[in-house]
Structures are given as C-alpha cells and as structure tokens.
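Residue 102 in the working numbering sits at position 101 of the sequence shown; the count goes up by one each step and never skips. Glycine residues also receive a C-beta, built at the ideal position from the N, C-alpha and C atoms. Quick caveat: nothing in here was measured; it's all calculated off a predicted structure. First comes the structure, then the notes that go with it.
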Amino acid sequence: MTAYSFIATDYEIPEIDNTKKRFITVREAIALGIKPHELVPWERMDKDSEVTIVDDENDLDELVIKKETDFENDVRWYTKKPFIYSVYFRYREHRGKQLLEYLKENIKEGQHLELWSIWLGDKQYIKPIICEYERISLELIKKVYTWQVGNDSICNCVVFERKLSGVVG
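And the structure:
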C-alpha cells in the first residue's frame with residue numbers, strides 16, 4: 002500500500018511548489034560539468050533532452066500542494082468536498098511549519114478545511130480530529146505525518162474550522 006495525503010475544501014486554495022529542482026538540457030549539464038548517473042551516461046542521451054537537477058537530494062522532499070489527484074476513487078471514499086489538493090513532502094519540522102503557515106493563511110472564515118493522510122486502497126473509517134482555527138499547531142501537523150512505531154496505521158484526518166469573526170459558540 003501507498004501512503005497518500007490530501008487537502009479537501011469547498012473552495013479553491015493556491016497551489017505551491019517549494020522544490021528546488023531545476024530543469025536543464027543534457028547539453029547544459031555537460032557544459033556545467035555535472036556528472037551523469039552511472040547507468041545513463043550523457044553520451045546515450047539526446048543533447049536537447051531535459052534533466053532534473055537539485056543541489057541536494059533532500060531538496061526533492063520539499064512541500065508541494067497541487068490541485069489534482071490520481072486517486073479519485075480513494076479520495077471520494079473519505080470526503081465529499083469538491084476541491085482536492087494532493088500534498089507531497091517528507092515531514093521535517095521546517096516543512097511542517099511551512100504547511101502550518103499555509104493552512105493558517107488559507108482557511109477562510111466560516112469554512113472547514115480537511116487534511117487527510119491515508120493508505121491508498123485501504124478505505125477504513127477514520128474519525129476526524131476537529132480543530133478550531135485558534136488551536137492549529139505544529140504538534141497537530143506532526144501527528145498527521147509521523148508514523149507510530151509498531152503501528153501500520155498512518156491514517157488521520159484533521160478538520161480545521163474557522164468561525165466567522167464575531168460569532169460566539
């Protein structure tokens with residue numbers, strides 16, 4: 002099974018891509034003195050083909066939120082919200098903080114936003130954690146994205162709700 006994370010909302014939110022990857026041609030890579038992968042030497046590639054480069058392999062795991070899902074059937078089992086955004090990143094504290102700030106900036110007053118972490122194809126009932134806007138924390142984000150030792154379940158859902166200003170209760 003594959004772990005998958007997504008945001009579900011009733012409204013559109015911005016996409017982000019914090020990856021530090023660049024696309025250059027094979028010709029440019031050769032000119033820059035970049036070493037090819039041992040299994041695919043530059044000589045075997047079209048000089049105008051594009052390759053992806055990063056300064057550090059860890060840069061591949063930065064926060065990316067895209068309005069898309071290749072897993073519509075899985076997602077629709079969990080939510081009826083019309084807008085689905087795939088969330089890709091490897092949890093580290095600085096990336097968790099980025100996601101936390103993103104959520105705070107994009108939860109509209111009077112709205113709910115769902116953050117899911119599921120096993121694709123598993124389709125199990127997940128009791129959501131309800132979190133008021135004022136209580137959104139890095140600890141809660143960490144809980145969604147951190148595996149429990151000895152536990153195969155990564156499935157979580159947090160429903161963030163932001164009440165209208167001036168509304169009590």
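Does the separation of the CB atoms of residue i and residue j fall below 7 Å?
i, j, result
"Phe72", "Tyr134", "no"
"Lys21", "Asp60", "yes"
"Leu64", "Arg23", "no"
"Glu16", "Lys68", "yes"
"Val52", "Glu115", "no"
"His113", "Glu58", "no"
Check residue i in the structure and name its three-state DSSP category.
i, result
"Gln125", "coil"
"Arg96", "helix"
"Glu51", "strand"
"Tyr103", "helix"
"Tyr12", "coil"
"Asp57", "coil"
"Arg136", "helix"
Express the C-alpha separation of residue j and residue i in angstroms, rounding to a whole number.
i, j, result
"Leu121", "Asp75", "6 Å"
"Trp117", "Ser166", "26 Å"
"Val88", "Val27", "30 Å"
"Tyr86", "Trp78", "15 Å"
"Lys36", "Ala30", "8 Å"
"Cys158", "Ser138", "14 Å"
"Thr147", "Glu44", "42 Å"
"Cys132", "Asp62", "27 Å"
"Lys124", "Lys143", "22 Å"
"Pro42", "Ile130", "50 Å"
"Leu100", "Ile54", "24 Å"
Can you tell me where the alpha helix (DSSP H) with residue i in it begins and where it stops?
i, result
"Arg163", "Premise fails: Arg163 lies in the beta strand (DSSP E), 157-163, not in any alpha helix (DSSP H)."
"Val27", "27-32"
"Val76", "73-79"
If you follow the beta strand (DSSP E) that residue i is part of, which residue opens it and which one closes it?
i, result
"Ile119", "112-120"
"Val145", "Val145 -> not in any beta strand (DSSP E); alpha helix (DSSP H) instead, spanning 139-146."
"Glu133", "130-133"
"Ile85", "84-89"
"Ile66", "65-67"
If you pair each beta-carbon of the segment 7-22 with each one of the segment 79-93, do three or more pairs fall below 8 Å? yes
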